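> To convert, note that position 334 of the sequence shown is 366 in my numbering; the numbers rise steadily by one, no gaps.
Sharing a structure with you now.
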Amino acid sequence: MPVSDATGLDVEAIREDFPILDRKIGGDVTVPGPDEDDDTPLYYLDNAATSHTPRQVVEAMTEYYYEYNSNVHRGIHSLSQEASVAYEEAHDRVAEFVGADGREEVVFTKNTTEAFNLVAYTWGLTELEPGENVVTTQMEHHASLVTWQQLCEKQGAEVRYAEIDDDGRLDMDDLRAKVDDDTAMVSAVHVSNTLGTINPVEEITEIAHEHDALSFIDGAQAVPTRPVDVGEIDADFYAFSGHKMLGPTGIGVLYGKEGLLEELPPFLVGGAMIRRVEFEGATWEDLPWKFEAGTPPIAEAVGLTAAIDYLEDVGMDAIEQHERELATYAYDRLSEFDDVEIYGPREGRGGLVGFNLEGVHAHDLSSILDDHGVAVRAGDHCTQPLHDVLDVPASTRASFYLYNTREEIDELIDAVDTARQLFA
Numbered sequence: 033m034p035v036s037d038a039t040g041l042d043v044e045a046i047r048e049d050f051p052i053l054d055r056k057i058g059g060d061v062t063v064p065g066p067d068e069d070d071d072t073p074l075y076y077l078d079n080a081a082t083s084h085t086p087r088q089v090v091e092a093m094t095e096y097y098y099e100y101n102s103n104v105h106r107g108i109h110s111l112s113q114e115a116s117v118a119y120e121e122a123h124d125r126v127a128e129f130v131g132a133d134g135r136e137e138v139v140f141t142k143n144t145t146e147a148f149n150l151v152a153y154t155w156g157l158t159e160l161e162p163g164e165n166v167v168t169t170q171m172e173h174h175a176s177l178v179t180w181q182q183l184c185e186k187q188g189a190e191v192r193y194a195e196i197d198d199d200g201r202l203d204m205d206d207l208r209a210k211v212d213d214d215t216a217m218v219s220a221v222h223v224s225n226t227l228g229t230i231n232p233v234e235e236i237t238e239i240a241h242e243h244d245a246l247s248f249i250d251g252a253q254a255v256p257t258r259p260v261d262v263g264e265i266d267a268d269f270y271a272f273s274g275h276k277m278l279g280p281t282g283i284g285v286l287y288g289k290e291g292l293l294e295e296l297p298p299f300l301v302g303g304a305m306i307r308r309v310e311f312e313g314a315t316w317e318d319l320p321w322k323f324e325a326g327t328p329p330i331a332e333a334v335g336l337t338a339a340i341d342y343l344e345d346v347g348m349d350a351i352e353q354h355e356r357e358l359a360t361y362a363y364d365r366l367s368e369f370d371d372v373e374i375y376g377p378r379e380g381r382g383g384l385v386g387f388n389l390e391g392v393h394a395h396d397l398s399s400i401l402d403d404h405g406v407a408v409r410a411g412d413h414c415t416q417p418l419h420d421v422l423d424v425p426a427s428t429r430a431s432f433y434l435y436n437t438r439e440e441i442d443e444l445i446d447a448v449d450t451a452r453q454l455f456a
């Protein structure tokens with residue numbers, strides 16, 4: 033696989049850290065793993081759903097299990113202390129990576145979805161009042177949209193949706209019009225997982241604060257692929273997932289301003305998050321442990337730390353540039369077909385392209401692409417209301433990361449052209 037050198041990344045060397053990229057597919061998919069009938073090279077373009085994991089992350093987690101596996105904060109013995117140090121330092125590493133002031137502002141969750149639910153069930157159930165509103169956008173992931181819907185239904189509040197324009201960009205005038213003095217929260221995705229649109233999150237947060245509302249930014253598609261500084265954004269809450277940024281599944285991050293997190297009640301209660309328990313009641317641990325009840329994702333935190341080390345070694349600016357170059361190339365190549373509709377803007381997009389082939393359902397197209405070894409995502413991408421706005425039942429999404437190349441996009445284009453001819 034040739035190197036894509038337009039951005040200076042040594043993609044060939046990067047790919048050597050990801051053994052799965054050398055896999056072939058085509059055999060019996062009911063049996064996980066390689067099959068003797070696999071004969072088709074894999075072109076993995078489904079990174080917005082989950083990224084692959086480099087050797088370095090797997091090795092870090094293996095070292096934890098082999099060398100110092102133990103529960104944290106519960107033992108005086110050496111292994112427990114070593115595990116505790118690694119787990120606590122993972123919070124420090126994440127804080128440094130996204131520009132938080134310290135570990136107190138970094139809560140480990142299972143994923144971005146749980147981070148939204150944590151805020152909804154703590155801030156929302158105690159602070160959101162009848163007659164108030166939450167303003168979000170038409171392009172939100174269900175993790176955000178459904179959470180706010182359910183919260184507002186419980187609290188007698190209103191959900192308002194800022195619209196998108198014909199290019200798939202957020203209509204900022206409409207957002208401003210919908211945020212008023214009864215707005216308690218403004219929630220927006222940083223990078224749309226369907227349109228690829230990069231939203232002006234600093235401006236969105238500023239609009240929220242002008243009306244004394246809080247802001248919550250969904251960074252699941254942003255943190256893996258571009259430099260993010262939550263301090264510069266000034267978001268009150270910001271969430272993302274480890275498995276989209278070379279890390280393991282089962283760990284996500286909720287950033288929250290320390291003063292806000294201090295005021296919120298716990299989300300889950302039980303072991304590890306308490307300071308003192310008596311028959312009459314309990315008091316809570318300091319941040320961030322107050323929000324991390326029970327045995328936490330220790331190995332996953334070790335893996336996330338290794339993933340951040342890997343990303344920073346490559347360079348987030350270079351990753352962002354590489355992703356932008358691939359997305360523009362894919363957009364332009366798909367634009368060569370007059371029967372392909374592309375969603376979202378050409379400029380100012382993240383590293384993904386959502387599209388449809390006229391007269392062909394996204395699931396059928398994805399199946400044909402898979403026959404050619406091209407792994408994409410087909411469906412509504414957890415953005416059903418957005419697809420209603422686009423007036424399509426589903427779409428096909430190709431998404432790129434630091435180990436992808438132009439040549440893989442060429443394979444995508446060839447496979448799409450084969451489908452065109454098949455359904456002509």
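Backbone N, C-alpha and C fix where the C-beta goes; we use that ideal spot for every residue, glycine too.
All of these numbers come straight from a predicted model, not from anything done at the bench.
Mind checking which residues open and close the beta strand (DSSP E) that includes Arg461?
Shown here, the chain extends from 33 to 456; a query on residue 461 therefore has no answer.
> From Ala359 to Arg365, what distance separates their C-alpha atoms?
Walking along the sequence shown from the start, residue 359 turns up at place 327. Walking along the sequence shown from the start, residue 365 turns up at place 333. C-alpha separation (whole angstroms): 10 Å.
> State the DSSP-derived secondary structure class of Ala350, mapped to helix, strand or coil.
One-based indexing of the sequence shown puts residue 350 at position 318. If DSSP states are grouped into helix, strand and coil, Ala350 belongs with the helices.
> Ends of the beta strand (DSSP E) at Thr315?
Here residue 315 refers to the residue found at position 283 of the sequence shown. Element bounds for Thr315: 313–316.
> Could you give the C-beta distance for Leu336 and Ile283, rounded to a whole number, given that I count them as a contact under 8 Å?
As a first step, residue 336 must be located in the sequence shown, where it is residue number 304. As a first step, residue 283 must be located in the sequence shown, where it is residue number 251. About 6 Å; that satisfies the 8 Å criterion.
> If you draw a straight line from the alpha carbon of Tyr76 to that of Gly405, how long is it in whole angstroms?
The residue you call residue 76 lines up with position 44 of the sequence shown. The residue you call residue 405 lines up with position 373 of the sequence shown. Whole-angstrom Cα-Cα distance: 8 Å.
> Does the beta-carbon of Gln453 have 16 or more other beta-carbons within 10 angstroms, so that it is buried, or is it exposed?
Your numbering for residue 453 matches position 421 in the sequence shown. It counts as exposed.
> Does the separation of the CB atoms of Tyr320 and His105 fall below 9 Å?
Indexing the sequence shown from 1 puts residue 320 at position 288. Indexing the sequence shown from 1 puts residue 105 at position 73. Before going on, a small fix: residue 320 reads as Pro here, not Tyr. No. Outside cutoff.
> Starting from Asn143, follow the beta strand (DSSP E) in both directions and report where the run begins and ends.
On the sequence shown, position 111 is the one that residue 143 refers to. Run containing Asn143: none; DSSP gives neither H nor E here.
> Per DSSP, what kind of secondary structure is Arg201 in: helix, strand or coil?
Indexing the sequence shown from 1 puts residue 201 at position 169. Note: Arg201 maps to coil in three-state DSSP.
> Any idea what DSSP makes of Tyr153, helix, strand or coil?
Position 121 of the sequence shown, counting from 1, holds the residue named residue 153. In this structure, Tyr153 counts as helix in the three-state DSSP scheme.
> Beta strand (DSSP E) containing Phe269: first to last residue?
Taking the sequence shown and counting its residues from 1, one reaches residue 269 at position 237. Where Phe269 is concerned, the enclosing beta strand (DSSP E) stretches over 269–273.
> Secondary structure at Lys276, three-state DSSP: helix, strand or coil?
To locate residue 276, count along the sequence shown from 1; it is residue 244. Here Lys276 sits in helix by DSSP.
> Asp244 to Ala216, Cα distance in whole Å?
As a working note, residue 244 is residue 212 in the sequence shown. As a working note, residue 216 is residue 184 in the sequence shown. So the alpha carbons of these two residues sit roughly 7 Å apart.
> Can you give, in chain order, each stretch of the beta strand (DSSP E) that sits fully within the region 357–390 and has at least 3 residues?
Counting whole runs of 3 or more residues, the region 357–390 contains the beta strand (DSSP E) stretches 372–375, 384–389.
> Taking the CB atoms as reference points, tell me whether His84 and His413 lie closer together than 9 Å.
Sequence index remark: in the sequence shown, residue 84 carries index 52 (1-based). Sequence index remark: in the sequence shown, residue 413 carries index 381 (1-based). For His84 and His413, no; Cβs fall outside 9 Å.
> If contact is defined by three or more beta carbon pairs under 8 Å, each pair taking one atom from either stretch, is the region 328–347 in contact with the region 161–179?
Cβ pair count under 8 Å is below three, so no.
> Below 6 Å CB to CB, which residues in the same chain sit around Ser116 once its five sequence neighbours on both sides are set aside?
Start at 1 with the first residue of the sequence shown, and residue 116 comes out as number 84. Cβ neighbours of Ser116 beyond the five flanking positions: Val104, His105.
> What beta strand (DSSP E) runs, 3 residues minimum, are completely inside the region 154–233?
Listed in chain order, they are 165–169, 190–194, 215–221.
> Can you list, in chain order, the residues of its chain whose CB lies under 7 Å from that of Pro329, leaving out five sequence neighbours each side?
Position 297 of the sequence shown, counted from the start, is the residue given in the question as residue 329. Taken in chain order, the residues that qualify are Phe140, Gly282, Ile283.
> For Val35, which residues from the same chain have a beta carbon less than 7 Å from its beta carbon, with the 5 sequence-adjacent residues on both sides left out?
Sequence index remark: in the sequence shown, residue 35 carries index 3 (1-based). With a pLDDT of only 43 at Val35, under 50, the local geometry of the prediction cannot be trusted, and the value read off the model is given with reservation. Closer than 7 Å at the Cβ level, and outside the excluded window around Val35, lie Asp42, Val43, Glu44.
> Under DSSP, the beta strand (DSSP E) around Gly288 begins and ends at which residues?
Numbered from 1 along the sequence shown, position 256 holds the residue referred to as residue 288. Per DSSP, Gly288 belongs to the beta strand (DSSP E) from 284–288.
> Have a look at the DSSP bridge pairing and note the partners of Pro73.
Counting from 1 along the sequence shown, the entry for residue 73 is found at position 41. Bridge partners of Pro73: Lys56.
> Mind reading off the beta-carbon distance from Asp70 to Ser431? Whole number of angstroms is fine, and I expect it under 8 Å.
Position 38 of the sequence shown holds residue 70. Position 399 of the sequence shown holds residue 431. Going by Cβ atoms, the distance from Asp70 to Ser431 rounds to 23 Å, so no, they are not a contact pair.
> Is the beta carbon of Gln253 sitting closer than 9 Å to the one on Val221?
On the sequence shown, residue 253 is found 221 positions in, with the first residue counted as 1. On the sequence shown, residue 221 is found 189 positions in, with the first residue counted as 1. In this structure, Val221 lies closer than 9 Å to Gln253 by Cβ.
> Which residue or residues does DSSP assign as beta-bridge partners of Asp250?
Your numbering for residue 250 matches position 218 in the sequence shown. DSSP, once it has assigned bridges, lists Val221, Ala271 as partnering Asp250.
> Does DSSP put Ser427 in a helix, a strand or coil?
Taking the first residue of the sequence shown as position 1, residue 427 is located at position 395. Looking at Ser427 - three-state DSSP - the assignment turns out to be strand.
> Round the Cβ separation of Phe272 and Val255 to the nearest angstrom and send it over; I've been treating them as touching at under 8 Å.
The count along the sequence shown starts at 1 and reaches residue 272 at position 240. The count along the sequence shown starts at 1 and reaches residue 255 at position 223. Indeed they touch by this definition, with Cβ atoms about 4 Å apart.
> Where do the ends of the beta strand (DSSP E) carrying Ile306 lie?
For this step, residue 306 is matched to residue 274 along the sequence shown. Ile306 -> beta strand (DSSP E) spans 306–310.
> Closest to Val334 by CA distance: which of Leu278, Gly200, Thr145 is it?
As a working mapping, residue 334 is identified with position 302 in the sequence shown. For the residues Leu278, Gly200, Thr145, the minimum Cα distance to Val334 belongs to Leu278.
> Name, in chain order, the residues that DSSP records as bridge partners for Asp78.
For this step, residue 78 is matched to residue 46 along the sequence shown. In the DSSP output, where bridge partners are listed per residue, Asp78 has Ser431.
> Would you call Pro280 buried or exposed, if buried means 16 or more other Cβ atoms sit within 10 Å of its Cβ?
Position 248 of the sequence shown, counted from the start, is the residue given in the question as residue 280. Buried, by the Cβ-count rule.
> Identify which residue in Phe387, Phe311, Ala350 has its Cα closest to the Cα of Glu368.
Indexing the sequence shown from 1 puts residue 368 at position 336. Comparing Cα positions, the closest option is Phe387.
> Just the C-alpha distance for Ala118 and Glu324, rounded to the nearest angstrom, thanks.
Here residue 118 is taken as the residue at index 86 of the sequence shown, counted from 1. Here residue 324 is taken as the residue at index 292 of the sequence shown, counted from 1. When rounded, the distance between both Cα atoms is 16 Å.
> With a threshold of 16 other CB atoms inside 10 Å of the CB of Ile441, please say whether the residue is buried or exposed.
Locating residue 441 in the sequence shown gives position 409, counting from the first residue. When all chains shown are included, Ile441 counts as buried.
> Sort out for me which residues DSSP pairs Val406 with in a bridge.
In the sequence shown, counting from the first residue as 1, residue 406 sits at position 374. In DSSP, Val406 forms a bridge with Tyr75.
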